[in-house]
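**Q** Once you've had a glance at the structure underneath, I'll fire off some questions.
In the numbering used here, the protein residues as written are 3 to 479.
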């Protein structure tokens with residue numbers, strides 16, 4: 003009986019120990035630290051959401067700059083603003099990291115006139131600022147742009163950078179890629195003095211396309227949806243099919259760097275050609291809507307009768323304008339054998355105000371020979387159309403592959419990207435202008451690469467940069 007009692011007590015003790023172990027297993031097990039992937043996703047989404055929620059209060063660049071400064075203050079990050087409105091974050095090296103750890107500089111942009119185009123690159127920079135660990139010193143630059151201006155026009159001084167400072171330039175692109183070669187830029191201005199006469203016909207129409215997405219050609223670029231080019235093609239169609247017309251005015255767009263949101267023109271026709279004119283317009287509108295209206299339902303393409311203008315552009319000037327609009331490039335000009343865009347153009351603005359034709363076109367290209375070719379062709383077209391051609395601004399192509407340090411940066415970043423994503427990194431040249439060009443002009447020795455961000459790849463690029471910044475292998479024992 004005593005032996006049985008001992009067995010029962012022993013069994014009870016075993017059960018008690020086992021139940022205690024199970025309790026500890028399920029109740030006192032410490033929570034696992036989140037992975038870097040989880041951290042990046044959580045922080046990126048939070049910062050992006052807050053930026054979008056704050057857009058209503060960002061009426062100008064001062065508002066955006068104050069937002070970034072306040073954010074830094076709340077996160078205990080040292081931040082300053084310079085005279086141009088650029089915001090600079092200064093993040094010191096981690097305490098345990100060697101003094102020889104490679105420093106880094108991260109560049110992105112903001113522009114209150116088109117914040118939607120910059121939200122993702124800013125969110126990436128903010129995520130990097132609060133997620134980097136075991137890092138060398140980091141500076142993050144938020145470059146102030148004005149009305150879709152060009153990166154780095156008022157670039158902060160980078161001459162103090164150590165020669166091994168790794169530079170990452172962030173920007174929104176139509177397709178994700180890492181680039182050590184980025185596009186040069188030309189602003190082409192075409193002008194002509196216009197002569198006027200009284201209209202010979204009696205029926206006037208205003209033709210208008212409006213509510214098109216106005217997009218920076220450095221980001222998502224819908225090259226075919228250019229209302230200026232579309233209306234120019236309408237005039238060319240009139241000409242080629244012998245529909246007699248007179249042009250009174252043609253205007254549209256605001257800047258060569260962005261696709262026009264609208265364009266309009268007033269034409270005068272012979273009343274006897276009304277049916278022919280309306281048929282052509284209805285066909286043009288139908289084709290345009292078939293191509294774009296489903297994805298962009300707010301677009302409007304209309305024509306309506308209007309008051310007869312007191313004057314119209316003389317026939318020779320109109321013919322020259324039509325010829326130019328027919329031959330002028332808009333959209334992708336050239337691709338390489340793999341389909342990567344090498345050169346693109348954008349007719350961003352046209353005006354016939356004050357008896358003077360002005361057309362502003364942007365060219366971006368990462369191949370010097372093709373860039374020269376585009377300029378020569380435009381100059382030839384202008385000569386044939388008796389118009390003046392001028393390159394108002396010229397920014398050279400950035401070729402980082404000529405720098406050994408940049409080539410090394412590409413390789414080390416490739417490893418960081420693959421470690422974070424478990425995917426291969428896409429390395430391609432990009433035709434678009436990036437801040438790499440402006441930084442290179444001021445400091446040609448330091449390595450620099452462009453990281454193109456898309457809605458799908460934004461967190462992968464962000465996490466890869468954070469992974470690259472981790473200097474754990476340099477921590478002193």
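Even glycine gets a Cβ: it sits at the ideal position worked out from N, Cα and C. In this text, all values refer to a predicted model and were calculated from it rather than measured experimentally.
Name the two residues that bound the continuous alpha helix (DSSP H) containing residue 233.
**A** Looking at the DSSP string, the run of the alpha helix (DSSP H) that includes residue 233 is 229-242.
**Q** Between which two residues does the alpha helix (DSSP H) holding residue 290 run?
**A** That run of the alpha helix (DSSP H) goes 276-294.
**Q** So, is residue 85 buried or exposed, given that buried needs 16 or more other C-beta atoms within 10 angstroms?
**A** Per the 10 Å Cβ criterion, exposed.
**Q** Taking contact to mean 3 or more Cβ pairs, one atom from each stretch, closer than 8 Å, check whether the region 236-243 and the region 333-341 are in contact.
**A** The region 236-243, when compared against the region 333-341, does not touch it at the 8 Å Cβ threshold.
**Q** Could you tell me whether the Cβ atoms of residue 138 and residue 99 are closer together than 8 Å?
**A** Yes; because the gap between Cβ atoms is below 8 Å, this pair is in contact.
**Q** Please report the distance separating the alpha-carbon of residue 423 from that of residue 435.
**A** Each residue's alpha carbon lies about 27 Å from the other.
**Q** Between the region 287-294 and the region 185-202, can you find at least three pairs of beta-carbon atoms closer than 8 Å?
**A** Flag = no, the region 185-202 and the region 287-294 do not touch.
**Q** If you measure between the beta carbons of residue 110 and residue 163, is that distance less than 8 Å?
**A** Not a contact, by the Cβ cut-off of 8 Å.
**Q** So, for residue 38: in the same chain, excluding its five sequence neighbours on each side, which residues have a beta-carbon less than 8 Å away from its beta-carbon?
**A** Same-chain partners within the cutoff: 133, 422, 465, 468, 469.
**Q** Is the shortest distance between the beta-carbon of residue 437 and the beta-carbons of chain D less than 8 Å?
**A** In the displayed structure, chain D is absent; only one protein chain is listed.
**Q** For residue 173, which beta-bridge partners are listed by DSSP?
**A** Answer is 454.
**Q** How would you label residue 234, buried or exposed, when you count the other beta carbons within 10 angstroms and need 16 or more for buried?
**A** So residue 234 ends up on the buried side.
**Q** Helix or strand or just coil, what does DSSP make of residue 438?
**A** Three-state result, residue 438: helix.
**Q** Looking at residue 255 and residue 220, is the spacing between their C-beta atoms short of 8 Å?
**A** No. Outside cutoff.
**Q** If residue 104 sits next to residue 396, beta carbons under 8 Å apart, how far is it from one beta carbon to the other, in whole angstroms?
**A** At roughly 33 Å, the Cβ-Cβ gap does not stay under 8 Å, so residue 104 and residue 396 are not in contact.
**Q** In angstroms, rounded to a whole number, what distance separates the CA positions of residue 440 and residue 147?
**A** Computed Cα separation, rounded: 13 Å.
**Q** Spatial neighbours of residue 472 within its chain, please: CB distance less than 6 Å, with the 5 preceding and 5 following residues excluded, ordered by chain position.
**A** 136, listed in sequence order.
**Q** Please go through the same chain and pick out, in chain order, the residues whose beta-carbon is closer than 6 Å to the beta-carbon of residue 462, but skip the five residues on each side of it.
**A** Excluding positions up to five away in sequence, the list reads 423.
**Q** Go ahead and pull the three-state DSSP assignment for residue 460.
**A** Helix.
**Q** Give every residue of the same chain whose Cβ lies closer than 6 Å to the Cβ of residue 415, excluding the five residues on either side of it in the sequence, and list them in chain order.
**A** Answer for residue 415: 470, listed in chain order.
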